[in-house]
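Numbering (this note's numbering), first residue to last: 29 to 140.
C-beta: ideal position from N, C-alpha, C; glycine also.
Structure, as structure tokens:
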Amino acid sequence: MLSALLRISFIWLIMSGSYCLADTPYKSVRLISLHTDQKEQRIIRMYSQPALQTGHTAELLCNGKVCQSPLHTEYFLLHNLSRGHHKVRARILDQQGKPVALSPRLIINIPH
Numbered sequence: 029m030l031s032a033l034l035r036i037s038f039i040w041l042i043m044s045g046s047y048c049l050a051d052t053p054y055k056s057v058r059l060i061s062l063h064t065d066q067k068e069q070r071i072i073r074m075y076s077q078p079a080l081q082t083g084h085t086a087e088l089l090c091n092g093k094v095c096q097s098p099l100h101t102e103y104f105l106l107h108n109l110s111r112g113h114h115k116v117r118a119r120i121l122d123q124q125g126k127p128v129a130l131s132p133r134l135i136i137n138i139p140h
């Protein structure tokens, strides 16, 4: 349990800088990666301060491309990931679909 908490805290420290437009309510956006029973699968949890606003959606970017369409959720399931490193970011969109916040990059590794 302590090792999991330390790992999450470490990710939070690395990922402390987010990109939020000044005229939006968001102060920060960060991601953590949660393991599942299948090694080529990850659950990505997005934390935003404040929480995702009504009418806003979040999409997940994997290696620079949208891999999860905009949804009003803070959890994303990535499956069938190839082995190696993947760069993941969350982007929060307003009601018009314009980006208002972007998380720092989270690097996840799928072992061989």
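Item	Value
Under the rule that 16 or more other beta-carbon atoms within 10 Å means buried, what is H140, buried or exposed?	exposed
Any contact between the region 47 to 66 and the region 101 to 119? By contact I mean 3 or more CB pairs, one from each, below 8 Å.	yes
So A118 is in the beta strand (DSSP E); what residue range does that whole segment cover?	112 to 121
Helix, strand or coil, according to DSSP, for A79 in the structure here?	coil
Flag this pair as yes or no: are the beta carbons of Q81 and L88 separated by less than 9 Å?	no
Going by beta carbon distance, what residues of the same chain come within less than 6 Å of Q66, once the five residues before and after it are set aside?	none
Can you tell me the Cα-Cα spacing of S44 and P132, whole angstroms?	Because S44 carries a pLDDT of 45, less than 50, the predicted location of this residue cannot be relied on, and no value is offered for it.
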